[in-house]
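In my numbering, the protein residues as written are 21 to 139. A quick write-up on the structure given underneath.
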C-alpha cells in the first residue's frame with residue numbers, strides 16, 4: 021500500500037517535476053524518491069495513472085478526429101499550392117494504407133485507394 025507521500029510523488033512525477041522538486045514538495049529526501057521509483061508497487065501505480073491519462077486523452081481526441089480529417093481533405097482538394105495539396109493527400113493516404121518503410125520484405129496485404137483532387 022502506497023503512502024500519501026508516495027501517491028503525491030507519483031502525481032508530481034507525472035506532471036513532469038524533477039526528482040529534487042518532487043522530494044521538496046512531498047517532504048522527503050531525493051534518495052527516498054529514487055528508492056520509491058525502484059518499488060514495483062510504486063512503478064505499477066505510476067503506470068496505471070499514466071494509462072488512465074492516455075485513455076482520457078484518446079477519448080477527448082477521438083471526438084475531434086473526424087473534423088480534422090475533413091479539414092485535411094479540404095486542404096488537399098482546395099489548396100492552390102501544389103506542395104500543400106500533395107502533403108495533405110499524402111498524409112491521408114499514409115493514415116489509410118500506412119507510411120512507406122525501408123523494409124523490402126513481402127507485402128502481406130494490398131489496398132487500392134483512389135484520390136481525386138479537383139483543381
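All C-beta atoms in this analysis are idealised placements derived from N, C-alpha and C, irrespective of residue type, glycine included. The model shown is predicted, which means the values in this text are computed figures rather than measured ones.
Rounded to whole angstroms, the gap between the alpha carbons of residue 105 and residue 80 is 28 Å.
For residue 33, the number of other beta carbons within 10 angstroms of its own is at least 16, and it is reported as buried.
Two segments are said to touch when three or more pairs of C-beta atoms, one from each, lie closer than 8 Å; by this definition the segment 69-89 does not touch the segment 51-61. Considering only 57, 40, 36, the residue with the shortest C-alpha distance to residue 22 is 57. Excluding five sequence positions before and after residue 26, the CB atoms of its chain that fall closer than 7 Å to its own CB belong to 56, 62, given in chain order.
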